[in-house]
Every structure is written in structure tokens, then in C-alpha cells.
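Numbering (our numbering), first residue to last: 26 to 132.
Glycine included, every Cβ here is placed at the ideal spot set by N, Cα and C.
These figures come from a predicted structure and were not determined experimentally.
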């Protein structure tokens, strides 16, 4: 799969701000804690995915990385919405009426 660094940066920022509570102890967490997970999520995001599909990816990645801490898909919907909005802004611009999106053409 292609790796788009702008998508990775958006995913990383959103995941770090969201910070899935309970997955790691607060004493060892850092701003770089979820870089690997953000990369795994970024490469799995495909054109035309919706919020539920992205939240399923987020849940799957975190459940694979932290198998002893189950993260339900529904708990991933807020960051999934932000990721989807961010990707659309990155690739389609901030115009909600944009009908052609570079993101769909690039991949």
C-alpha cells in the first residue's frame, strides 16, 4: 500500500490528541507513543472509506497492538470522524461542494 505522509501526520496528530485512555500507563506514555499505530492506520485508509470503516481500522490496529486492552469500534468513532474530515480537507480542500477529490485520483 502507498504511504502518504500527509495522511500519516493527520492520523498521528489526531490519535495523539485522542490518546486512547487505558492502553498504556500514563507514566510511560509520550507524544511519540502511537507513531507505529498511526502508520498502521494511515496505510490502511482507502479512498471513499466512511467513519465506521475508519473506526474499524483504528479498533483493529489498537486491539492487535494491545491485545490485553480491548478497544471497541464505537469508542473509535470520534477520532475516525476527525481523520475523515482531515483527509478530505487535505485532499479536497475546505470547499464542502468540491465534487472531484485528488485523494480518489491519487490512489
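C-alpha gap between residue i and residue j, whole angstroms
| i | j | result |
| --- | --- | --- |
| residue 79 | residue 103 | 10 angstroms |
| residue 107 | residue 39 | 7 angstroms |
| residue 72 | residue 66 | 13 angstroms |
| residue 81 | residue 98 | 5 angstroms |
| residue 91 | residue 42 | 18 angstroms |
| residue 37 | residue 117 | 20 angstroms |
| residue 32 | residue 89 | 21 angstroms |
Three-state secondary structure assigned by DSSP to residue i
| i | result |
| --- | --- |
| residue 60 | helix |
| residue 29 | coil |
| residue 93 | coil |
| residue 104 | helix |
| residue 70 | coil |
Beta-carbon spacing of residue i, residue j below 8 angstroms
| i | j | result |
| --- | --- | --- |
| residue 62 | residue 86 | yes |
| residue 35 | residue 115 | yes |
| residue 83 | residue 112 | no |
| residue 68 | residue 105 | no |
Nearest-angstrom Cβ-Cβ length linking residue i and residue j, presumed shorter than 8 angstroms
| i | j | result |
| --- | --- | --- |
| residue 45 | residue 109 | Wrong, their Cβ atoms sit about 18 angstroms apart, outside the cutoff. |
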